[in-house]
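full-length UniProt numbering numbers the first residue of the sequence shown as 1 and each following residue consecutively.
The beta-carbon is built from N, C-alpha and C at its ideal position, and this holds for glycine as well.
These numbers were taken from a predicted model, which means no experiment stands behind them.
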Amino acid sequence: MVVQKKIYFDIGFSFFLVVVLSYFAATIDDYIDIGIPSTVSPALFPTYITYLFIFFSFIYFILSLLNLHKMRQSLKRKEHVPQIIASDAISSSFIYLCILVAYYLCFERLGFVITTPVIMAVVTVAMGHRNLRFLFPGYVLFTLLIYFVTLEVLKIQLPQGVLTVI
Numbered sequence: 001m002v003v004q005k006k007i008y009f010d011i012g013f014s015f016f017l018v019v020v021l022s023y024f025a026a027t028i029d030d031y032i033d034i035g036i037p038s039t040v041s042p043a044l045f046p047t048y049i050t051y052l053f054i055f056f057s058f059i060y061f062i063l064s065l066l067n068l069h070k071m072r073q074s075l076k077r078k079e080h081v082p083q084i085i086a087s088d089a090i091s092s093s094f095i096y097l098c099i100l101v102a103y104y105l106c107f108e109r110l111g112f113v114i115t116t117p118v119i120m121a122v123v124t125v126a127m128g129h130r131n132l133r134f135l136f137p138g139y140v141l142f143t144l145l146i147y148f149v150t151l152e153v154l155k156i157q158l159p160q161g162v163l164t165v166i
């Protein structure tokens, strides 16, 4: 029964993501504040990322529907349903939602360069990985690379937070 609830949760959550991200993609120009003149639209990168998220959410939705169909077919034939190791999806989703809210609240105050590697490390610990000594430098380098690309190539100013004082 836990597996069936998890499949219904996956279907609902993935459908919700597809709908919300589609709305965001349709209205993304309303959220973009044009600051520095650029040859590329400031909405280009967020639009591509949103379309990528919509694509993966749709794939997740289709796979969840296929899992539900397989489960129902095996129940009709009275076969043993393979037990999927189901973590408590609601509590883990709540944890990641809290991490996302913390990222949103700290983003403007602390800045992109400080907040992003810290949140990456928190998500890594929440996923169960413990060896941050080797992962954290990669997070910092990846964040600096993203910051450089958005500033120099896309001409998008990310929040600097506490780094504006320095």
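Residue i classed as buried or exposed, judged by whether at least 16 other C-beta atoms fall within 10 angstroms
i, result
"residue 14", "buried"
"residue 115", "buried"
"residue 37", "exposed"
"residue 42", "buried"
"residue 86", "Confidence in residue 86 is poor, its pLDDT being 47 and thus under 50, which makes the residue's placement too unreliable to answer from."
"residue 156", "buried"
"residue 112", "buried"
Cβ pair residue i, residue j closer than 8 Å
i, j, result
"residue 140", "residue 159", "no"
"residue 53", "residue 21", "yes"
"residue 135", "residue 124", "yes"
"residue 230", "residue 51", "Residue 230 is absent from the model: the chain starts at 1 and stops at 166."
"residue 103", "residue 119", "yes"
"residue 151", "residue 40", "no"
"residue 74", "residue 17", "no"
"residue 28", "residue 46", "yes"
Cut-off 6 Å between Cβ atoms - residues of its own chain near residue i, not counting five sequence neighbours on either side
i, result
"residue 67", "7"
"residue 106", "115"
"residue 32", "42 and 43"
"residue 132", "121"
Proximity test, Cβ basis, 8 Å: residue i and chain B
i, result
"residue 10", "The structure shown contains no chain B; it is built from a single protein chain."
Nonlocal neighbours in the same chain, by C-beta distance under 8 Å from residue i, ignoring five residues either side
i, result
"residue 65", "11"
Residue i beta carbon near the ligand NAP (any heavy atom closer than 7 Å)
i, result
"residue 105", "Ligands are entirely absent from the displayed structure, and the ligand NAP is therefore not among its contents."
Expected contact under 8 Å - CB spacing of residue i and residue j to nearest Å
i, j, result
"residue 167", "residue 161", "Any property of residue 167 remains undetermined from this structure, which presents the chain solely from 1 to 166."
Just list the alpha helix (DSSP H) runs in the UniProt domain "DUF1468" (15 to 159), keeping only unbroken ones of 4 residues or longer that don't cross its boundaries, in chain order. 28 to 31, 44 to 76, 89 to 110, 112 to 126 and 132 to 148
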